[in-house]
Structure formats: C-alpha cells, structure tokens
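A quick write-up on the structure given underneath.
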Amino acid sequence: MKKLVFGLSLLMVVSLFSCSDDDAPILQSDLNLVLNPPAKLKAPTFKSGTVTITNVNSGEEISKDLYGFMLPQMSLEDGLYNFTVEAEVDYFTRDVDDKIIFATTGIRGFSENVEVTGGTFDLTIDLFEYRKNTSFVISEIFFSGTKTPEGKQYNDDKYFEIYNNTDKILYADGLCIAESELNTAMSLNKYTPDIRPESTPVSSVYRIPGDGDDYPVEPGKSIIVCDVAIDHSAENANSFDLSIADFEWFDGADIDVDVPEVPNMEKMVSTSASVWGLHNRGFTSYVLFKMDGVTPEKFNTDYAYHYQYTFVWGDFVKDMEFDAWQVPNELIIDAVECSTPSDYEWKALDPSLDLTWTHAGDGDDARYGKCVKRKVSHKEGERVVLLDTNNSAFDFIPTADPTPGVIEEE
Amino acid sequence: MLIQKLKSIFGIVIFLNLAASAFAQNRNANAVDFEKELIQIQSGIWDNPAMLSHQYSKSFTDVSLAAKQWKANELHLIEEGDKQSSIDFDAFSFKRLKKSFVYGRASYSKKNTNNIKWNTVSDYEKLAPYVVADTIGGKSYGENYYFEGIYSFIHRKNNYAIQAKYRSAEEYRKLDPRPRTTISDLEIKLGGIRKINSKYTIGLYTGFQDYQQDHEIGARRPGTGIKIYYLRGLGISDENFSTIVTNSKSNSNIYEIKGYSVGTQLLPIGQTGWFQSFSYKKSKLELLKTVGSGYDIVNDLDSKKFDFSLGRQYLLDQKTCKVKAFASYEDKKGREFNYNHNRKLLSVHDKYSESNVSGGVSGILFVKKDKYTTFYKTSLTYNYDNLEYKKSTSRNPKQEIEKLRFDLNAGRSFQFNESTLNVKLAAVFDYCVGSELMTTSPVAEGANKGLVIPNYDFLSADKFLLGTDIRYDINTKKSYNIYTRLAYHQMMISGSKSQYGINLAIGLTL
Numbered sequence: 033m034k035k036l037v038f039g040l041s042l043l044m045v046v047s048l049f050s051c052s053d054d055d056a057p058i059l060q061s062d063l064n065l066v067l068n069p070p071a072k073l074k075a076p077t078f079k080s081g082t083v084t085i086t087n088v089n090s091g092e093e094i095s096k097d098l099y100g101f102m103l104p105q106m107s108l109e110d111g112l113y114n115f116t117v118e119a120e121v122d123y124f125t126r127d128v129d130d131k132i133i134f135a136t137t138g139i140r141g142f143s144e145n146v147e148v149t150g151g152t153f154d155l156t157i158d159l160f161e162y163r164k165n166t167s168f169v170i171s172e173i174f175f176s177g178t179k180t181p182e183g184k185q186y187n188d189d190k191y192f193e194i195y196n197n198t199d200k201i202l203y204a205d206g207l208c209i210a211e212s213e214l215n216t217a218m219s220l221n222k223y224t225p226d227i228r229p230e231s232t233p234v235s236s237v238y239r240i241p242g243d244g245d246d247y248p249v250e251p252g253k254s255i256i257v258c259d260v261a262i263d264h265s266a267e268n269a270n271s272f273d274l275s276i277a278d279f280e281w282f283d284g285a286d287i288d289v290d291v292p293e294v295p296n297m298e299k300m301v302s303t304s305a306s307v308w309g310l311h312n313r314g315f316t317s318y319v320l321f322k323m324d325g326v327t328p329e330k331f332n333t334d335y336a337y338h339y340q341y342t343f344v345w346g347d348f349v350k351d352m353e354f355d356a357w358q359v360p361n362e363l364i365i366d367a368v369e370c371s372t373p374s375d376y377e378w379k380a381l382d383p384s385l386d387l388t389w390t391h392a393g394d395g396d397d398a399r400y401g402k403c404v405k406r407k408v409s410h411k412e413g414e415r416v417v418l419l420d421t422n423n424s425a426f427d428f429i430p431t432a433d434p435t436p437g438v439i440e441e442e
Numbered sequence: 018m019l020i021q022k023l024k025s026i027f028g029i030v031i032f033l034n035l036a037a038s039a040f041a042q043n044r045n046a047n048a049v050d051f052e053k054e055l056i057q058i059q060s061g062i063w064d065n066p067a068m069l070s071h072q073y074s075k076s077f078t079d080v081s082l083a084a085k086q087w088k089a090n091e092l093h094l095i096e097e098g099d100k101q102s103s104i105d106f107d108a109f110s111f112k113r114l115k116k117s118f119v120y121g122r123a124s125y126s127k128k129n130t131n132n133i134k135w136n137t138v139s140d141y142e143k144l145a146p147y148v149v150a151d152t153i154g155g156k157s158y159g160e161n162y163y164f165e166g167i168y169s170f171i172h173r174k175n176n177y178a179i180q181a182k183y184r185s186a187e188e189y190r191k192l193d194p195r196p197r198t199t200i201s202d203l204e205i206k207l208g209g210i211r212k213i214n215s216k217y218t219i220g221l222y223t224g225f226q227d228y229q230q231d232h233e234i235g236a237r238r239p240g241t242g243i244k245i246y247y248l249r250g251l252g253i254s255d256e257n258f259s260t261i262v263t264n265s266k267s268n269s270n271i272y273e274i275k276g277y278s279v280g281t282q283l284l285p286i287g288q289t290g291w292f293q294s295f296s297y298k299k300s301k302l303e304l305l306k307t308v309g310s311g312y313d314i315v316n317d318l319d320s321k322k323f324d325f326s327l328g329r330q331y332l333l334d335q336k337t338c339k340v341k342a343f344a345s346y347e348d349k350k351g352r353e354f355n356y357n358h359n360r361k362l363l364s365v366h367d368k369y370s371e372s373n374v375s376g377g378v379s380g381i382l383f384v385k386k387d388k389y390t391t392f393y394k395t396s397l398t399y400n401y402d403n404l405e406y407k408k409s410t411s412r413n414p415k416q417e418i419e420k421l422r423f424d425l426n427a428g429r430s431f432q433f434n435e436s437t438l439n440v441k442l443a444a445v446f447d448y449c450v451g452s453e454l455m456t457t458s459p460v461a462e463g464a465n466k467g468l469v470i471p472n473y474d475f476l477s478a479d480k481f482l483l484g485t486d487i488r489y490d491i492n493t494k495k496s497y498n499i500y501t502r503l504a505y506h507q508m509m510i511s512g513s514k515s516q517y518g519i520n521l522a523i524g525l526t527l
C-alpha cells in the first residue's frame, strides 16, 4: 500500500512539471522599406528624417531615424500598420537670377492600412514636397456643438475661425470653405476613381462674397464664419456669443435662421437638402480654397465628381455609387483632417495637404463644447504666428476650449 | 429544453429529500456545518461525485435565508467593486438510502455590487484578462440561480455516480453605459470508486463544462458616447475593437468556455490511513464579438490546472487528526486575433501568459466529547503568481506576486439539552514575500493609474484577517430545528483602510 501511495504521489508530482508548453514566438515579418523622392527635385541628397510606424491594432508606435532613402531591414509583428515619413533633403534648383543653387526642402511620405504578413514584406513610399502656407489658415473649428444644462444636444453654435497668418493684409473675398465627402471613420473598398492625390472630394462648399477687396483681414487678425450668428449663451448657458461672427452660412429661409446684420455666405453646392451641420463627432475634414470667377452653377457642373466603391459587411457585398464634387489640391490654401482615436480608418485628404489628423474628443461625451485649435508657433513683434506644418496632429490642440474671436498668445 | 428537464429533476430530488428526511436526526445538519473544516481538508477527494457516500455519514437537510454584505474602505480589486450586498436563499440535502445516495442543492441570490470600474462583464475571475471595460463604472444588479444534484449507487464492489451543476445568472446596470449579461454554466461529472482491499478505496472521475456569457453594452441617453475597451491584460487594449457606444450603436459579445477535468483519489475505508487526490482541468475561453449575424473571435485563453494533495488521517481515542501536503500549478496562455478594417484576419499572436504555483501543508485536530466538540486547524501556504504580456518592440510588462499565508482556525460546538451553539474563530495572515510590477505604454487611457497600479497595490499588500462564525440551533430534539447564524470578518490591509464582511442568516434543518 505504501508503495502504491508513493508511486501515485511521484507520478503526480512529475506530471506537474512535465506538461507546460513551450512559449510560441510572436509572428514577425522582415520589412524592406524604400522611399522614392519627389520626381521634380533634381539630384536630391538625403539630409535627415524619421519614419513613424504605427501598429493599428495595438496603437504602438515605432520611430526610426532615417539616413537615406532606404531603411535597413527591420522586423515587425504581423498586423496592420500606418507609415509616416518626415525628412529633409538638399537639392539643386535655380534662383530668381537663374543661377544654380543648393537648397533644402522638407519632404514627407505616408502609407496607411498596410498589411504586414508573409515573412518578408516590401514597401515603397512615394515622397512629396512639403508646401509652406503663406496665406489664411483655419485656426479653430468647432464642430461638436454643446449640451444645454439640461443635457440636450445644442447644434446651432458651430463655427470656423480663419486667421491671417501673414504679415500682409489679405482679403477674404471669394474664400471658400468646404467639407470633405469622404469620412475618416469609414474606409471604402475598391474606391474608384481615387482622386485624392490630385483633388479633394467635397460634399458642401460655401463662399464668402465680395468683389475682391470688400473684406480685408489685417495681419494677425481673424474672421469667424458660423451657422447662426447670435449670442447662444442666452439660450444655452454652456454655449458662447457668436454675434461677433463675420459671416453666416445660410441654407434658406424655410429651414434656416438668418441674422440680417451678418452677411451670408454664398452656397455653392451641397449634397444635403437641409441645414449644413458639421459632423458632430468630427469624422469629416475641411479645406479652405479660392476659386475666382466660378459661379455656383459652373462649380456644380465643371467640378462634379462621380465615384463608386464596394460595401462589404461579412457575406453581404454591394456596389455603391455616389455623386459629389472635387477641388483641385493646387487651389487649396489650408486643410484640416479630423477624426477620432476610436474610429479612424483612413485619410479623407491627401497627405500633402495634411499629413495626419486631429480630434475634439473620442466621439464620447467629452467632445461637447470642445474644438480643435491651432497652436501658436511664435510672435513677430505683436503679431502671433500660428503653427502650420501641414500636420494636424502636430499643429493643433485636440479637445480644446473654444475661444471664438480670441487668438491666444500662447 | 434540456435545462428545463434538469431543473425539474433537481426540484424532484430536493423535494424527495425534504420529505424523506422529515424524521431524520435533526442534529445532523448542525454537525455537518460544524465539521465543514474536517471535510474541506480533503476537498480534492469530494470532487469525485462517487465519493459522496464517504463525505457525509448521515442524512440531513438545511434550508436558509441570509443577508450578506461585504465592503472595502480603500484598496480592493477594481473590477469587482468596493461593496456588495446580497440576499441568498440556499437549500441542500443529503439522503442515505440502502444502496444509493442522493444530494441536491438549490440556491437563489439577488445582489448589488457598487463602484465596479474597468469591467462590464460578470464572473470577472473566469474571463480575465479579456474583459470589455469602460472607465465610467457604476453599480450593478444581479440575480443568480444555482442547481446541483448527485446520484450515487452501489453496484457490487463499486460506487458509481453522476453529478450535474447548473448556474443561470443575469447582471445589469441602470445608468449609461448599460452592460447586460446573461450566463449559462453547466457542469457534468461521472465518477466511480472501488474498494481495492480492506483498507482503501480508489476513485476516478471525469467532468465536462460548458459556460456561456452573452454580453451587451449600449447607452440610452441621446447624444451620449462612451468609450469601451477590449482589454488584453495589464491595461493594454485592442485599438481596433475598442470603440464608442452610443444610443444608436451598441456592442455585443459572447464569452464561451469549454473544459474538461479528470481526477483520481485514494481514501482509507476506516479512520486511519493515507488519502490522496489528483486532478487535471483543461479549458478554453473564447471572446467573440458579434458582427451582424456572425462574429469575429477577438481573443482566446487556454488554461490548464493541476491539483495534488497527499495526507494521512489518524483516529486516537476520540480525536481525529488529518495532515496533508498539497500543491497546485495553473498555466494560462492567451492569444490575440488581429484584423484589417474589412474584418480579414491578418495575424494571431500568443501574447498573454499567466502562471500560478501554490503549495503547502495543513492539519486539523478534531476532538469529540460528550458535551462539546472542538477542532483546531492550521495551514501554511506558499503562492507565486506571475503574469506577463509579450511585446516585440520593448520589454515585456509583467506582474509578479509571491506570498506566504498562515491560517489558524479553532471552533467549539456546545451541545445543550435542546440547543446547540457552534462558535468558530479564524485568523489569517497573508504576507507578501516579494512583488514586482512593470507597466507599459500604450495602454487604455488612464489604465495604469486607475486599474493596473491600484490592483497591484491591493494584491501585494500584507493582510491580516480576523473572523468569527456563530451558529445557534434550537429545538434540536424535535424533527426539525431552527437556527440563526452570524458571521463577521475584518481584514486589515497594510497601508490601507480595512475591509469587512457580515453574514446574517436564519435557517431550518430537518
């Protein structure tokens, strides 16, 4: 009996230590990354740069310094990734006297939703030249709306603030503000034609009227365009005073409120038959552009855009077609891409307009009464210069407190 | 349909026991309650349902209604809240027949749990670390039904038995976010024992478990948006699945656990001899996110557990003594399933691992006199728990906790003419030998500060518990008796305010 007990005991103790599995390694693929410099740069020499690799599933970011147009092979966990490149190159160009000079410029690259699997993975990213803005910038966008003290949604107090970031007087006449047709929280399968590298698909366009010099904006000053230009705090203690607004967008007396003292913007086009309400979780993006001499009717026909994609939901597949309009990227003065951390899937704008995106809350209750606000870069004398690197994640304060009409100095 | 039938069977079993036991010796239930510690020291043996005939010597029935409350004043496990109140109804009965033995149990519990955070699911311990969490938190309300039945019969030299346990529960919150869970948990065991000689019986059992929790979370207030995280351990979350729930966009998931167990036992037929138990349990947890009419698997967790004990029992005069050494090892491995935005599976990674090693010695001395019965019990347990999350780009975050636990229990049962008084005292000292926490980023927003670190502080703190359990039975010479019970414990935690628990019950025994 004692032998039986001893034998059983020994067997059990041994089994305790003999049944653990070996740890399985994490599946990885070797990434070969090649960067193509912009074709129009002559003999570019790589100066410095970084590539940021973001794992979409885990949110982890890896930052690597670049020393050339190729990255040494690196291993990445199998998964879904976004790649962002920022660098500087030296190149040959001609100055105003047609002399050959050596200049430095910023270049960028972007590739998103890249599926890294299969053991070895090759990725080529086409770089583009980073364009500096020398005109108006969007300094603040308030799209979330507010909540009343009783907890109800209040949507009439949405606005844009547009700032003269230069040292010269600029004229707001003909300035158009447009909302993107594409939604950053809904990537489209087999989206064609993908015009984003050349033009931006838009769903609504409103234009400031004027003959060209009716609406001057001093250096370091701003204008506000809003939905309803009244003091909203009288009706909603959590809102603010927009009676200071310079322009309203107005969609018709039968459905919209018009404040007669505030000039109305011209409605160029809109896919919506009702009042233009900015997406209150911030899934759409905004561009600023000028298009002189184009009437709403001409814009409607000459800049029409038809696209299609395939909607897939599990086993359900359906081809979809939509109509919108397009704005050539070369006309765009400023662009701000918006989304939310929980819902971002793809870019609505070309990375050359805005490399990344910003947000006012994560689509949750924290977004109410919050805006996206451009940071201050520095001051030149008394004039505030706002940060504009065409990279909203860097240029903007997310989930900021709105201050319509006030440009903070820090 | 099967569940309904099972419920009917259990109901009949309990009814038969209650009826048949009407004239049984009414001190049996009191004795069973007092002798719980003597029975529990061999708990691994009673995992085999065929051992039922050896677990209890006489028939009894016990029906009770209890009010319980537990409260933490500071440090506690964040996911389990800081206060729980419940009303519990419990009825269980054991019947010895000529060649068979029957056990039945039915219980109902209605409970509230306050201040649950970083957790919107029920049965947190079963589903960790793959919990769907929010940061708002709240009070949850729940109901729990439990049925159990064992039927064991003698055939020649052997005993065979079948055991079924079924639990059904629902839990929900009344404020946004509004998680709602429904649980179905079924376990079936088949066991057998055989006398191998005049001194010993050996046993073998096998069991199967099927558990499912349906989880849904949404909001009711228009315009509300609340972030929920699919956690992966140590505060890390899946960025692709984590999302916002609103009044028009809810989120639903299914947790499934399937498992099996096997075990062997050795028990002396008399009062003296060796006893031994060994069991192996294997289970797999899957977290499935409902998408349209289908689902995506988000995580799975493979668990294995080994339990072993070896002891010896003696009978000297009227003193029963049992001593044992015990050890257990548990291993869990979790995987993550990564998809693209079109729900195409891209990769599956082994990321989470947890292991727990435990071992120790314990002993009990049970002394029966004419007017009173006394027991003294002590145990010393070592426990090492390690959990780790694999990262390819940085050091692995992990948590290690090593503890020593010393238990001291004593009790006396006073038998009076028409009443019995059971008094038990317990002292437990939980000492942290060593611990380490390495956090990481990125994690769910606020997770390190609000979840990982407070939980680590609680688990690694030294604790000292004092408890008492007093039960008074009256009318013990009649065919039934009524009892009241008051149990109270206070747990002092180093560096924190204490926790307490109280249980007040009234019962009826037959």
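Residue numbers (this note's numbering), protein chains in the order written: chain A, 33 to 442; chain B, 18 to 527. Glycine is no exception: its CB is placed at the ideal position from the N, C-alpha and C atoms.
Where residue i meets chain A, residues with beta-carbon distance less than 7 Å
{"i": "Ser-259(B)", "result": "Ser-374"}
{"i": "Ser-364(B)", "result": "Leu-59, Asp-110, Gly-111, Thr-149"}
{"i": "Thr-241(B)", "result": "Asp-397"}
{"i": "Lys-244(B)", "result": "Ser-374, Asp-394, Asp-396"}
{"i": "Thr-410(B)", "result": "Glu-92, Ile-94"}
Where residue i falls, given that 16 or more other Cβ within 10 Å makes a residue buried
{"i": "Ile-170(A)", "result": "buried"}
{"i": "Phe-321(A)", "result": "buried"}
{"i": "Phe-32(B)", "result": "Low local confidence applies: a pLDDT of 46 at Phe-32(B) is under 50, so the model's placement there is unreliable, with the coordinate-based value given in what follows. So Phe-32(B) ends up on the exposed side."}
{"i": "Ser-317(A)", "result": "buried"}
{"i": "Arg-399(A)", "result": "buried"}
{"i": "Asn-87(B)", "result": "According to the sequence displayed, residue 87(B) carries Trp and not Asn. By the 10 Å Cβ count, Trp-87(B) comes out buried."}
{"i": "Gly-244(A)", "result": "exposed"}
{"i": "Glu-92(A)", "result": "buried"}
{"i": "Ile-104(B)", "result": "exposed"}
{"i": "Thr-246(A)", "result": "Just to set this straight, residue 246(A) is Asp in the shown sequence, not Thr. When all chains shown are included, Asp-246(A) counts as exposed."}
Partners in chain B for residue i, counting only beta-carbon separations shorter than 7 Å
{"i": "Trp-345(A)", "result": "Gly-309"}
{"i": "Gly-91(A)", "result": "Glu-256, Pro-459"}
{"i": "Ser-219(A)", "result": "His-358"}
{"i": "Val-88(A)", "result": "Glu-256, Asn-257"}
Cross-strand partners of residue i (DSSP beta bridge)
{"i": "Gln-229(B)", "result": "Ser-201(B), Glu-273(B)"}
{"i": "Thr-166(A)", "result": "According to DSSP, which records beta bridges pairwise, Thr-166(A) is partnered with nothing at all."}
{"i": "Glu-419(B)", "result": "Tyr-401(B), Gly-451(B)"}
{"i": "Lys-514(B)", "result": "Lys-514(B) pairs with nothing; no bridge assigned."}
{"i": "Tyr-163(B)", "result": "Ser-124(B), Arg-184(B)"}
{"i": "Ile-219(B)", "result": "Arg-211(B), Leu-283(B)"}
{"i": "Ala-135(A)", "result": "Tyr-123(A)"}
Cβ-heavy atom distance, residue i to the ligand FMN, below 7 Å
{"i": "Met-102(A)", "result": "For the structure depicted, the ligand FMN is absent and the ligand set is empty, with no information on it obtainable."}
Whole-angstrom C-beta distance between residue j and residue i, which should lie under 8 Å
{"i": "Ser-374(A)", "j": "Asp-355(A)", "result": "Rounded, the Cβ-Cβ distance is 30 Å, inconsistent with contact."}
{"i": "Val-349(A)", "j": "Met-297(A)", "result": "The Cβ separation is near 41 Å, so there is no contact."}
{"i": "Phe-295(B)", "j": "Gln-59(B)", "result": "Incorrect: roughly 13 Å between the Cβ atoms, too far for contact."}
{"i": "Ser-231(A)", "j": "Asn-361(A)", "result": "6 Å"}
{"i": "Asp-536(B)", "j": "Ser-81(B)", "result": "Because residue 536(B) is not part of the residues shown, which for chain B are 18 to 527, the question remains open."}
{"i": "Ile-314(B)", "j": "Asp-396(A)", "result": "That pair is no contact at about 27 Å."}
{"i": "Ala-277(A)", "j": "Tyr-162(A)", "result": "No, Ala-277(A) and Tyr-162(A) are not in contact; Cβ-Cβ is about 33 Å, not under 8 Å."}
Under 8 Å by beta carbon: chain B residues contacting residue i
{"i": "Ile-429(A)", "result": "Per Cβ cutoff of 8 Å: no residues; Ile-429(A) is ~17 Å from chain B at best."}
{"i": "Asn-145(A)", "result": "Asn-357, His-358"}
{"i": "Asp-188(A)", "result": "Those within 8 Å of Asp-188(A) in chain B number zero; the least Cβ separation is about 14 Å."}
{"i": "Glu-353(A)", "result": "None at all; the shortest Cβ gap to chain B is about 19 Å."}
Proximal chain B residues relative to residue i, where beta-carbon distance stays under 9 Å
{"i": "Gln-185(A)", "result": "Pro-239, Gly-240"}
### Uninterrupted alpha helix (DSSP H) stretches inside the segment 254 to 313 of chain A (no shorter than 4 residues)
none
**Item:** Uninterrupted alpha helix (DSSP H) stretches inside the segment 41 to 85 of chain B (no shorter than 4 residues)
**Value:** 44 to 51, 53 to 57, 69 to 72
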